[in-house]
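Participant: Heads up: the sequence shown begins at 1 in the UniProt record's numbering, then just goes up one per residue.
Ideal placement from N, C-alpha and C gives every residue a C-beta, glycine not left out.
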Amino acid sequence: MEKFTLELLCHIIGIGSASGLLYKDNSLFIVGDNSGFLYEYHLDSKDLKRHPLIENPTENIIKKDKPDFEALSYFQDTLYAFGSGSTAKRNSMVEFDLVQKKKIATNNLSELYAVMQNFASIKPEDFNIEGVIHDGENWYFLNRGNGISNKNTLFSLRAKKLNQEFTMLSNDYKLPKIKGVRSSFTDAVLVDAKIYFLATAEDTQSTYDDGEVLGSIIGRIDLETMKIDFTKKISDSHKFEGLTVFKKDNNKIEFLLCEDKDTEILETAIYKLSLNLK
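Have a look at this one:
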C-alpha cells in the first residue's frame, strides 16, 4: 500500500469550497459547504447543472447562516446530503432522487446528532460530521476531530432509515500528526467491507474557524476489527474533503478527491488518487 499517485483530473468553474463528492454514471455530484446547491458535472460534456437543496439557494452563503453540507452518501437511486451538525443551523439531511433529479425530502437530524454526542461523550462544540456512508442496512458517520478534544469518532448505526429504531456503536481513533498537528477525518467511502477515509491536519482547535492547512492523508478501517489497516500522507498542502471511488480492479483502486480551499472563489479542482492494492 506504499505506492500511490496523485494527479489533477479537471478544474470545474462555478463551484466553490467543495466538501462532498460522489461519482456515478460518468458524472460528479458535489456539495460545497457554503452553498445551497447540489452540483452535477458531466465529465465528458463538461456540462454543469445546479439542483437546489434549500429554499432560495445561493452560493457563498455567509458563515453563520450556511447549511454546511459536508458529506454525500447514496444507496440505490437516492443521494443524501448531510449538514455537519457543528451549529444549530447545520442539522439537515436532504434526500435527492438521482433518477428524477430533484429533492424529495428534508430531514432535521438535531435529535440524532444529540444522541450521537451524548453516546460518544462529544461536546457540541467538538461535533462536526464530515463523512457519511450508507449500505442499505447500516449508516456510518465520521466526526472530524478538529475541536479541542480531537474526537475522531466513527459511529455505526444499524438501521435501513434514520427515522427508524437503531442500534449504535462508536469507535475513537488517534490519527497521525502532520507537522505536529493531529489530522482529522474529512470524508470516507466503503469498499469491500473496508472504510477508506481522508483526514486533514489544519492548525485550528475549532470546528467553526478555519486554520492553516498542513496536509492530508488517506487511510483504511477494517469493519470486522474496527482497526486502522494503514495511513499514508498524500499531500503537504491540500485540504481534501471529498472522496469517491472512480475505478477498481484486483491490483489498484482509483479515487476522486475534491479540495476545500475555504475561499469565495467559484472554482474547484478534482484530483485522481491511485493506490496499489498489492
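1. Beta carbon of SER274, beta carbon of THR5: below 9 Å?
2. Could you tell me whether the segment 75 to 83 touches the segment 15 to 34, where touching means 3 or more Cβ pairs closer than 8 Å?
3. Do the CB positions of THR186 and SER216 come within less than 9 Å of each other?
4. Identify every residue that forms a DSSP beta bridge with SER235.
5. Helix, strand or coil: which one does DSSP assign to PHE127?
6. Would VAL191 be called buried (16 or more neighbouring beta carbons within 10 Å of its own) or exposed?
7. Hey, would you say LEU266 sits closer than 9 Å to ILE54, going by beta carbons?
8. With 16 other CB atoms within 10 Å as the buried threshold, where does LYS160 fall?
9. Within the same chain, show all residues whose beta-carbon is closer than 6 Å to that of GLU59, passing over the 5 residues directly before and after it, in chain order.
10. Under a Cβ-count criterion, where at least 16 other Cβ atoms within 10 Å of its own Cβ denotes burial, should ALA88 be classed as buried or exposed?
11. Tell me whether LYS247 is buried or exposed, calling it buried when 16 or more other Cβ atoms sit within 10 Å of its Cβ.
12. Please report the residue range of the beta strand (DSSP E) in which ALA71 lies.
13. Residues in the same chain with beta-carbon distance under 8 Å from SER170, minus the five sequence neighbours each way, listed in chain order, please.
14. By the DSSP assignment, the alpha helix (DSSP H) with PHE119 in it spans what residues?
15. Taking just the CA atoms, how far does ASN56 sit from LEU45?
16. Does the beta-carbon of VAL213 have 16 or more other beta-carbons within 10 angstroms, so that it is buried, or is it exposed?
17. With a 10 Å radius around its C-beta and 16 neighbouring C-beta atoms as the bar for buried, classify LYS151 as buried or exposed.
18. Does the distance from the CB of residue 325 to the CB of HIS42 come in under 9 Å?
19. Use the C-beta contact count for ASN128: other C-beta atoms within 10 angstroms, 16 or more gives buried, fewer gives exposed.
20. For PRO52, report the span of its beta strand (DSSP E) as first-last.
21. Quick one: what does DSSP say LEU243 is sitting in, helix, strand or coil?
22. Could you check what DSSP says for LYS194 in three-state terms: helix, strand or coil?
Facilitator: On the basis of the data shown:
1. One thing to note: SER274 has its Cβ within 9 Å of the Cβ of THR5.
2. Yes, they touch.
3. It is a contact, given that the beta carbons lie within the stated cut-off.
4. According to DSSP, which records beta bridges pairwise, SER235 is partnered with SER216.
5. Coil.
6. Around the beta-carbon of VAL191, fewer than 16 other beta-carbon atoms lie within 10 Å, marking it exposed.
7. No, the pair does not count as a contact, with Cβ atoms beyond the cut-off.
8. The residue is exposed, with fewer than 16 neighbouring Cβ atoms inside 10 Å.
9. Cβ within range, chain order: SER35.
10. Counting Cβ neighbours within 10 Å, ALA88 comes out exposed, since fewer than 16 surround it.
11. By the 10 Å Cβ count, LYS247 comes out exposed.
12. 69 to 75 is the extent of the beta strand (DSSP E) around ALA71.
13. For SER170, where only same-chain residues beyond five positions count, the Cβ hits under 8 Å are MET116, PHE119, ALA120, THR153, LEU154, PHE155 and SER156.
14. Its alpha helix (DSSP H) spans residues 110 to 119.
15. Correcting the residue type first, residue 45 is Ser in the shown sequence and not Leu. Answer to the nearest angstrom: the Cα atoms are 28 Å apart.
16. Under a 10 Å Cβ-count criterion, VAL213 is classified as buried, with 16 or more other Cβ atoms of the shown protein chains found around its own Cβ.
17. Counting C-beta atoms within 10 angstroms of its own C-beta, LYS151 has 16 or more neighbours from the protein chains shown and is therefore classed as buried.
18. The displayed coordinates of the chain run from 1 to 278. Any statement about residue 325 would go beyond what the structure contains.
19. Buried, by the Cβ-count rule.
20. For PRO52, the enclosing beta strand (DSSP E) has its first and last residue at 48 to 52.
21. DSSP places LEU243 in strand when its eight states are reduced to three.
22. LYS194: strand per DSSP, three-state reduction.
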